[in-house]
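Participant: Please see the structure below; I have some questions.
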Amino acid sequence: MTTPEHRSGRTPVIAAHDSAVRDDATTKRGAWRATIDSLSRPAILATQDGRILRANPLFAELAGRQAATLEGLFYWEVFPRRAGPLDLSLRLSPDYPAGSETVALGGGVTYEVLGSVLHAPKRRTTEYLYRFIDVSADLEVCTIAGRMALAKGALAVANSRLEQTLVNAVKALAGTMQVRDPYTAAHQTRVVSVALAIADELGTTQAVRRCLELAGLVHDLGKHYVPVEFLLRPGPLNPAELSIVRQHSQIGYELLRNIEFDWPVPTAVHQHHERLDGSGYPLAVAGEEIGIEARVLAVADTIDAMVSHRPYRIAMTPDMAFRQIERVGGAYDRDIVDAAAEVARKGRLDLSAAEDATRTRDRQG
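For the sequence shown, our numbering assigns the number 121 to the initial residue and increments by one for each residue that follows.
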């Protein structure tokens, strides 16, 4: 019997596959939309040319419209074209999956637009998630960052005093995470300890050590703008939620990049999730494109994360963590991994704080 699928050149198997792909696409898009609606900041899901597929209630409020009326409109039909993230969308691709752009939307408010690619190979489509962050509204973080910039610009201040001012300001920034997410705050402190021990074993310069100290303290600063329920959820995240979590290194970079450090602190924060083989984020850079500071932070960050208890997995022992790192091969700098292993062998890799926190949480749970 000749079926419509045969007449169209599509076998029943192909037709069933295409139907499954469509169902999967519908399910994933529904999950993405639910995620966007739940965000605590304005957000849209859009095509590359700026057509809005979904707008959350906060974006609708920003636009002065009902959310349902925004779907199908082009961004520049809602806001002036010059104010939109269109240039950003043209820069983004599966090979360049994250970025940011500053836009002014009227009323004297400037937003940092964070863009992420949501690539779905099965659907052969690429969609874009944009979050609009009014950084100036976060008075605590913004005020501290502003004071850091002013302190750096005060040329009359003695160098030693200026450096201490910057160090104190970085510590204050790190402290903003304590109330919101105590785990991240403690994790950042432990990463500094591990990173400096690795740096000592490598024999790095004092400048590299100073950068590691400061960047390590704020490497997860951008998580201030990630919904805390995403960070603490015991189950898996959907692609949209994971995309938002992965924006944290870009956000941290944006908060720090206008401060004139004597060391590449913003870049180290930006790159600490990049991997030597190009498998990392946000920019998927590889090899020597990744600074030594970020490569050390990547190993220190991974080790501490693995030996710490998290809601979505149990803690590993240090030996298990090193074996796991070995299994991913070229993702991490071999010399840095070897240095970390040597530090651990010598008993100078202090992971007791993470292990104590795990035991305490296990007793409480």
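Using N, Cα and C, we set each Cβ at its ideal position, and we do this for glycine too.
Within the same chain, show all residues whose beta-carbon is closer than 7 Å to that of Ala435, passing over the 5 residues directly before and after it, in chain order.
Facilitator: Stepping through the sequence shown from its first residue, residue 435 is reached at position 315. Excluding residues within five positions, the ones whose Cβ falls inside 7 Å are Val427, Ser428, His429, Thr478.
Participant: In angstroms with no decimal places, state the Cα-to-Cα distance between Leu351 and Val365.
Facilitator: Within the sequence shown, numbered from 1, the residue matching residue 351 stands at position 231. Within the sequence shown, numbered from 1, the residue matching residue 365 stands at position 245. Rounded to whole angstroms, Leu351 to Val365 spans 8 Å at the Cα level.
Participant: In this structure, does DSSP put Arg330 in helix, strand or coil?
Facilitator: As a working mapping, residue 330 is identified with position 210 in the sequence shown. Reduced to three states, the DSSP call for Arg330 is helix.
Participant: For Ala459 and Pro438, what's the separation of their Cα atoms in angstroms?
Facilitator: Here residue 459 refers to the residue found at position 339 when the sequence shown is read from its first residue. Here residue 438 refers to the residue found at position 318 when the sequence shown is read from its first residue. Those two C-alpha atoms are separated by around 14 Å.
Participant: Which of helix, strand or coil does DSSP assign to Gly235?
Facilitator: By 1-based counting over the sequence shown, the position of residue 235 is 115. DSSP places Gly235 in strand when its eight states are reduced to three.
Participant: Short check: CB of Ser369 to CB of His393, under 7 Å?
Facilitator: Mapped onto the sequence shown, residue 369 falls at position 249. Mapped onto the sequence shown, residue 393 falls at position 273. Result yes, Cβ atoms of Ser369 and His393 sit closer than 7 Å.
Participant: Could you compute how far the alpha carbon of Leu337 sits from the alpha carbon of Leu469?
Facilitator: In the sequence shown, the residue the question calls residue 337 occupies position 217. In the sequence shown, the residue the question calls residue 469 occupies position 349. Each residue's alpha carbon lies about 17 Å from the other.
Participant: Give me the DSSP bridge partner(s) of Ile172.
Facilitator: By one-based count along the sequence shown, residue 172 stands at place 52. The partner list for Ile172 (beta bridge, DSSP) reads Ala166.
Participant: Round the Cβ separation of Gln367 and Gly342 to the nearest angstrom and send it over; I've been treating them as touching at under 8 Å.
Facilitator: For this step, residue 367 is matched to residue 247 along the sequence shown. For this step, residue 342 is matched to residue 222 along the sequence shown. Correct: roughly 7 Å between the Cβ atoms.
Participant: Are there 16 or more other CB atoms within 10 angstroms of the CB of Lys466, so buried, or fewer, so exposed?
Facilitator: Along the sequence shown, read from residue 1 onward, the residue named residue 466 stands at position 346. Burial call: exposed.
Participant: Using the DSSP secondary-structure output, state which residues sit across from Ile253 in a beta bridge.
Facilitator: To locate residue 253, count along the sequence shown from 1; it is residue 133. Paired residues: Glu232.
Participant: Rounded C-beta distance between Ile318 and Ile456? I'm assuming under 8 Å.
Facilitator: For the purposes of this step, residue 318 is taken as the residue at position 198 of the sequence shown. For the purposes of this step, residue 456 is taken as the residue at position 336 of the sequence shown. Indeed they touch by this definition, with Cβ atoms about 6 Å apart.
Participant: Return the first residue and the last residue of the alpha helix (DSSP H) that Val346 is part of.
Facilitator: One-based indexing of the sequence shown puts residue 346 at position 226. No alpha helix (DSSP H) holds Val346; DSSP gives it neither H nor E.
Participant: Can you tell me whether Glu408 is buried or exposed? The criterion is at least 16 other CB atoms within 10 Å of its CB, across all chains shown.
Facilitator: For the purposes of this step, residue 408 is taken as the residue at position 288 of the sequence shown. The residue is exposed, with fewer than 16 neighbouring Cβ atoms inside 10 Å.
Participant: Kindly indicate which three-state DSSP category Ser363 falls into: helix, strand or coil?
Facilitator: Numbered from its first residue, the sequence shown carries residue 363 at position 243. Three-state DSSP puts Ser363 in a helix.
Participant: Between which two residues does the alpha helix (DSSP H) harbouring Trp196 extend?
Facilitator: Position 76 of the sequence shown, counting from 1, holds the residue named residue 196. Trp196 -> alpha helix (DSSP H) spans 195 to 198.
Participant: Decide yes or no for the touch test of the stretch 398 to 407 against the stretch 287 to 300: beta carbon pairs closer than 8 Å, at least 3 of them.
Facilitator: No contact exists between the stretch 398 to 407 and the stretch 287 to 300.
Participant: Rounded to whole angstroms, what's the CA-CA distance from Asp382 to Leu225? Just pull it up for me.
Facilitator: For the purposes of this step, residue 382 is taken as the residue at position 262 of the sequence shown. For the purposes of this step, residue 225 is taken as the residue at position 105 of the sequence shown. The alpha-carbon atoms of Asp382 and Leu225 are separated by roughly 34 Å.
Participant: Based on the DSSP output, what are the partners of Thr437 in its beta bridges?
Facilitator: In the sequence shown, residue 437 corresponds to position 317, counting from 1. DSSP lists no partner for Thr437.
Participant: Please name the residue in Phe442, Asp421, Asp157 whose C-alpha comes closest to that of His339.
Facilitator: Start at 1 with the first residue of the sequence shown, and residue 339 comes out as number 219. When each option's Cα is compared against that of His339, the closest is Asp421.
Participant: Leaving aside the five residues before and after Leu173 along the sequence, list all residues of the same chain whose C-beta is less than 7 Å from its C-beta, in chain order.
Facilitator: Locating residue 173 in the sequence shown gives position 53, where the first residue counts as 1. So the list reads Leu165, Ala166, Thr167, Glu191, Glu247, once near-sequence residues are dropped.
Participant: According to DSSP, what are the bridge partners of Ala224?
Facilitator: Mapped onto the sequence shown, residue 224 falls at position 104. Answer is Thr230.
Participant: Determine, using beta carbons only, whether Ala451 and Leu396 come nearer to each other than 7 Å.
Facilitator: The sequence position of residue 451 within the sequence shown is 331, counting from 1. The sequence position of residue 396 within the sequence shown is 276, counting from 1. The answer is yes: Cβ separation under 7 Å.
Participant: Rank Leu193, Gln298, Arg443, Pro177 by C-alpha distance to the C-alpha of Ile423 and give the top, closest one.
Facilitator: As a position in the sequence shown, residue 423 is number 303, starting the count at 1. The shortest Cα separation from Ile423 among Leu193, Gln298, Arg443, Pro177 belongs to Arg443.
Participant: State the DSSP-derived secondary structure class of Gly192, mapped to helix, strand or coil.
Facilitator: Mapped onto the sequence shown, residue 192 falls at position 72. Reduced to three states, the DSSP call for Gly192 is coil.
Participant: Using only CA atoms, which one of Gly170, Gln391, Phe194, Arg161 lies nearest to Glu232?
Facilitator: Taking the first residue of the sequence shown as 1, we reach residue 232 at position 112. Selected option, being the one with the closest Cα: Arg161.
Participant: Taking Asp169 as the reference, which of Leu249, Gly323, Leu316, Gly355 has the closest Cα?
Facilitator: In the sequence shown, the residue the question calls residue 169 occupies position 49. It is Leu249 whose Cα lies nearest to the Cα of Asp169.
Participant: State the DSSP-derived secondary structure class of Thr492, mapped to helix, strand or coil.
Facilitator: A query on residue 492 cannot be resolved here, the shown segment of the chain reaching from 121 to 485 and no further.
Participant: Please state the DSSP three-state secondary structure of Ser309.
Facilitator: Stepping through the sequence shown from its first residue, residue 309 is reached at position 189. According to the sequence shown, residue 309 is Thr rather than Ser. Note: Thr309 maps to helix in three-state DSSP.
Participant: Hey, could you find the ends of the alpha helix (DSSP H) Thr387 is sitting in?
Facilitator: Residue 387 sits at position 267 when you count from the first residue of the sequence shown. Where Thr387 is concerned, the enclosing alpha helix (DSSP H) stretches over 385 to 391.
Participant: Does DSSP put Tyr248 in a helix, in a strand, or in coil?
Facilitator: Residue 248 sits at position 128 when you count from the first residue of the sequence shown. In this structure, Tyr248 counts as strand in the three-state DSSP scheme.
Participant: Less than 7 Å separating the beta-carbons of Ala315 and Val416?
Facilitator: Here residue 315 is taken as the residue at index 195 of the sequence shown, counted from 1. Here residue 416 is taken as the residue at index 296 of the sequence shown, counted from 1. Contact flag set, yes.
Participant: Would you grab the beta carbon distance between Ser220 and Leu234 for me? Rounded to a whole angstrom, and I think it's under 8 Å.
Facilitator: Here residue 220 corresponds to residue number 100 of the sequence shown, with the count starting at 1. Here residue 234 corresponds to residue number 114 of the sequence shown, with the count starting at 1. Sure, about 5 Å apart at Cβ, within 8 Å.
Participant: Answer with buried or exposed for Val385, where buried requires no fewer than 16 other C-beta atoms within 10 angstroms of its C-beta.
Facilitator: Position 265 of the sequence shown holds residue 385. Looking at its Cβ environment, which holds 16 or more other Cβ atoms inside 10 Å, Val385 is buried.
Participant: To the nearest angstrom, report how far apart Val299 and Arg171 are at their CA atoms.
Facilitator: For the purposes of this step, residue 299 is taken as residue 179 along the sequence shown, with counting starting at 1. For the purposes of this step, residue 171 is taken as residue 51 along the sequence shown, with counting starting at 1. One C-alpha to the other measures close to 38 Å.
Participant: What's the call for Gln186, buried or exposed, on a 16-neighbour Cβ count within 10 Å?
Facilitator: As a first step, residue 186 must be located in the sequence shown, where it is residue number 66. That one is exposed.
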